[in-house]
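Trainee:
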Amino acid sequence: MRRLIASLLLSHAAFAETTGDVRDVRVVRTADQEPRAALLGQPSIALWKEKHLVVAYQKGIAGKMDMGSIDAVVSSDDGNSWGVPSTIFDHEQRHGAMQFGYCNAVLYKPPGQEVLWCYAMRCPLNYADSEDSHLAAAYSGDGGRSWNPVELAMHYTGPLVILGEIQRIVENGQPVYLLPAHRNTKRADPLGQQEQFVLRSTSLLDWHLGGYVPQEVPGSIFLHEGQIAVVNDQQHLKMVMRTSGGKRDGKTLDGGALNPPRAWSSTSNDGGRTWTIAKEEPELWNSVSEGWFGQSRSGTQLYVYNDGPAFSRMALRYKVKPANGGWSDERTFFDAGIHNSYPTLIETAPGDFRAVWDSGDEKRQRRSIRFGKFAMNPP
Numbered sequence: 125m126r127r128l129i130a131s132l133l134l135s136h137a138a139f140a141e142t143t144g145d146v147r148d149v150r151v152v153r154t155a156d157q158e159p160r161a162a163l164l165g166q167p168s169i170a171l172w173k174e175k176h177l178v179v180a181y182q183k184g185i186a187g188k189m190d191m192g193s194i195d196a197v198v199s200s201d202d203g204n205s206w207g208v209p210s211t212i213f214d215h216e217q218r219h220g221a222m223q224f225g226y227c228n229a230v231l232y233k234p235p236g237q238e239v240l241w242c243y244a245m246r247c248p249l250n251y252a253d254s255e256d257s258h259l260a261a262a263y264s265g266d267g268g269r270s271w272n273p274v275e276l277a278m279h280y281t282g283p284l285v286i287l288g289e290i291q292r293i294v295e296n297g298q299p300v301y302l303l304p305a306h307r308n309t310k311r312a313d314p315l316g317q318q319e320q321f322v323l324r325s326t327s328l329l330d331w332h333l334g335g336y337v338p339q340e341v342p343g344s345i346f347l348h349e350g351q352i353a354v355v356n357d358q359q360h361l362k363m364v365m366r367t368s369g370g371k372r373d374g375k376t377l378d379g380g381a382l383n384p385p386r387a388w389s390s391t392s393n394d395g396g397r398t399w400t401i402a403k404e405e406p407e408l409w410n411s412v413s414e415g416w417f418g419q420s421r422s423g424t425q426l427y428v429y430n431d432g433p434a435f436s437r438m439a440l441r442y443k444v445k446p447a448n449g450g451w452s453d454e455r456t457f458f459d460a461g462i463h464n465s466y467p468t469l470i471e472t473a474p475g476d477f478r479a480v481w482d483s484g485d486e487k488r489q490r491r492s493i494r495f496g497k498f499a500m501n502p503p
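Going by my numbering, the sequence shown runs without a break in its numbering and finishes at 503.
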């Protein structure tokens, strides 16, 4: 009974604190419900069928920067209530002599298939962080209530970090799936690399390297956590990326925000095999924080991001860009005077989205997973 009352109070508080255009905000899960989790973060969302939503999120390990286990939780009433979580990837499970930490779930349901995929990063548990990870996967045939691990056939064999959603295109009548990823091996290796690239697959089981995103001055900017959208009927692709300082004049920068703090983008006209030289997006703020970029079925683009200085990650703002138009003025997505970060959205009807992000309080980050509904109204 106490847990039920607490849950109702949390839901009521979520309504009371909402300021912004996202509506029907719910607290999906809190750190208080996960006493062994150091944080709850980096959620992903998928639509299994009408009103049946699945959210996956990370449960962090104390003492580790960004690794832990990954759970999934289901709503059968369009996000109004959420069930008891199930485990997708468990950092306590042994694989022979090995244990792994997991990070950055990416959910994907292929059109017309009764299967839901969860991709994540996996690295040995003794690592300090998840920058030197490899791709892991599991699938669900019952709408996210139970999960089966799968060993992938990887033709790209290097370390990677994933976060952006999978996009589907069609080539010669066959579906091709695109997964943005980046490599950041500089933390453990001074001769490591920081590169944004794309993986391609025709089966969701085997993954090949697509193309890297080039720069005018290689390595001058750390481009990472890219988000891909299919922007027209010719299946041209646009990727918008988080940015921070890279390497300039032979010196490694401190990883802070660019001046000015902006997202950068690149495009591809050949299914992600090659990408244009990255360029600044003058209208899109990015201060070393993941932003969500996508395109509605109406052709309107959407960018959801944190404003403010580097790493502050408080309010979530957004801009829209109608087809053949420019970016709108900044609008408020969610601002309650608390920490918020890592938004992910899915479109359930033209211009109508379901969103998740991680939240904290005035001082701490990643203490809960929040859900909300968002209707995009172009100017």
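Using N, Cα and C, we set each Cβ at its ideal position, and we do this for glycine too.
With DSSP collapsed to three states, give me the class of Q489.
Mentor: If DSSP states are grouped into helix, strand and coil, Q489 belongs with coil.
Trainee: Could you spell out the range, first to last residue, of the beta strand (DSSP E) harbouring D330?
Mentor: 330-336 is the span of the beta strand (DSSP E), which, as asked, contains D330.
Trainee: So, do the stretch 221-231 and the stretch 183-196 have three or more beta carbon pairs nearer to each other than 8 Å?
Mentor: In short, these stretches touch, since the Cβ pair count reaches three.
Trainee: Can you give me the C-alpha to C-alpha distance between A306 and S200, rounded to a whole angstrom?
Mentor: According to the sequence as given, residue 306 is His; it is not Ala. The straight-line gap from Cα to Cα measures roughly 34 Å.
Trainee: Should the stretch 384-397 be called in touch with the stretch 351-367, which here means at least 3 C-beta pairs below 8 Å?
Mentor: Short answer: they touch.
Trainee: Let me check one thing: in DSSP terms, what residues is I352 bridge-paired to?
Mentor: Answer by DSSP bridge pairing, in chain order: M363.
Trainee: Are there three or more Cβ pairs, one per stretch, closer than 8 Å when the stretch 488-495 is compared with the stretch 171-188?
Mentor: With the cut-off at 8 Å, the stretch 488-495 and the stretch 171-188 touch.
Trainee: Alpha carbons only, please: which of D148, Q217, G165, V149 is nearest the one belonging to A155?
Mentor: Of the candidates D148, Q217, G165, V149, the one whose C-alpha sits nearest the C-alpha of A155 is G165.
Trainee: For the putative contact between L347 and A260, defined by C-beta atoms under 8 Å, what is the C-beta separation to the nearest angstrom?
Mentor: Actually they do not touch by this definition, with Cβ atoms about 24 Å apart.
Trainee: Kindly indicate which residue of A460, V198, R366 has the alpha-carbon position closest to the one of I212.
Mentor: Considering only alpha carbons, the answer is V198.
Trainee: D195 by DSSP, collapsed to three states: which one?
Mentor: DSSP places D195 in strand when its eight states are reduced to three.
Trainee: Which whole-angstrom value is the C-beta distance of D190 and S254, which I expect to be below 8 Å?
Mentor: Going by Cβ atoms, the distance from D190 to S254 rounds to 5 Å, so yes, they are a contact pair.
Trainee: Which partner residues of D482 appear in the DSSP bridge assignment?
Mentor: Bridge partners of D482: S465, I493.
Trainee: Alpha carbon to alpha carbon, what distance is there between L171 and V444?
Mentor: Taking the straight line joining both Cα atoms gives about 23 Å.
Trainee: First and last residue of the beta strand (DSSP E) that includes Y280?
Mentor: That residue, Y280, is in no beta strand (DSSP E); it is neither H nor E in DSSP.
Trainee: Using 8 Å as the threshold, is the C-beta distance between L323 and Y263 below it?
Mentor: No; because the gap between Cβ atoms is not below 8 Å, this pair is not in contact.
Trainee: What does a CB cutoff of less than 8 Å around V239 pick up in its chain, not counting 5 residues either side in sequence?
Mentor: Same-chain partners within the cutoff: K233, Y263, S264, G265.
Trainee: Among the candidates S483, V341, R421, whose CA atom is the shortest distance from the CA of H463?
Mentor: The shortest Cα separation from H463 among S483, V341, R421 belongs to S483.
Trainee: Using a threshold of 8 Å, state whether the C-beta atoms of Q419 and A473 are closer than that.
Mentor: No, these two residues do not count as a Cβ contact at 8 Å.
Trainee: Which of the three DSSP states, helix, strand or coil, is assigned to D156?
Mentor: If DSSP states are grouped into helix, strand and coil, D156 belongs with the helices.
Trainee: Can you give me the start and stop residues for the beta strand (DSSP E) that A434 sits inside?
Mentor: Element bounds for A434: n/a, residue is neither H nor E.
Trainee: Counting C-beta neighbours from all protein chains within 10 Å, is the total for Q425 16 or more, i.e. buried, or is it exposed?
Mentor: Looking at its Cβ environment, which holds 16 or more other Cβ atoms inside 10 Å, Q425 is buried.
Trainee: Mind checking which residues open and close the beta strand (DSSP E) that includes P167?
Mentor: Counting along the chain, the beta strand (DSSP E) containing P167 begins and ends at 164-173.
Trainee: Since K101 sits in a beta bridge, which residues does DSSP pair it with?
Mentor: Within the shown structure, residues of the chain are numbered from 125 to 503, placing residue 101 beyond reach of any answer.
Trainee: What residues match up with N393 in a beta bridge as DSSP calls it?
Mentor: According to DSSP, which records beta bridges pairwise, N393 is partnered with nothing at all.
Trainee: Check the DSSP bridge columns for V178 and list the partner residues they point to.
Mentor: The partner list for V178 (beta bridge, DSSP) reads A170, V198.
Trainee: Helix, strand or coil for T472? Go by DSSP, reduced to three states.
Mentor: Strand, per DSSP.
Trainee: Below 8 Å CB to CB, which residues in the same chain sit around N204 once its five sequence neighbours on both sides are set aside?
Mentor: Result list for N204: D148, R150, in chain order.
Trainee: My output table needs one value for N430: the three-state DSSP class, helix, strand or coil.
Mentor: DSSP places N430 in strand when its eight states are reduced to three.
Trainee: Span of the beta strand (DSSP E) holding A260?
Mentor: Residues 258-264.
Trainee: According to DSSP, is P384 part of a helix, a strand, or is it coil?
Mentor: Residue state, collapsed to three classes: coil.
Trainee: Helix, strand or coil: how does DSSP classify P503 here?
Mentor: For P503, the pLDDT reaches just 48, beneath the cut-off of 50, and the residue's location in the model is therefore unreliable, leaving the point undetermined.
Trainee: Where does V294 land, buried or exposed, given buried means 16+ other C-beta within 10 angstroms?
Mentor: Flag for V294 reads exposed.
Trainee: Could you tell me the alpha carbon to alpha carbon distance between L408 and P467, rounded to whole angstroms?
Mentor: Their backbone Cα atoms lie some 15 Å apart in a straight line.
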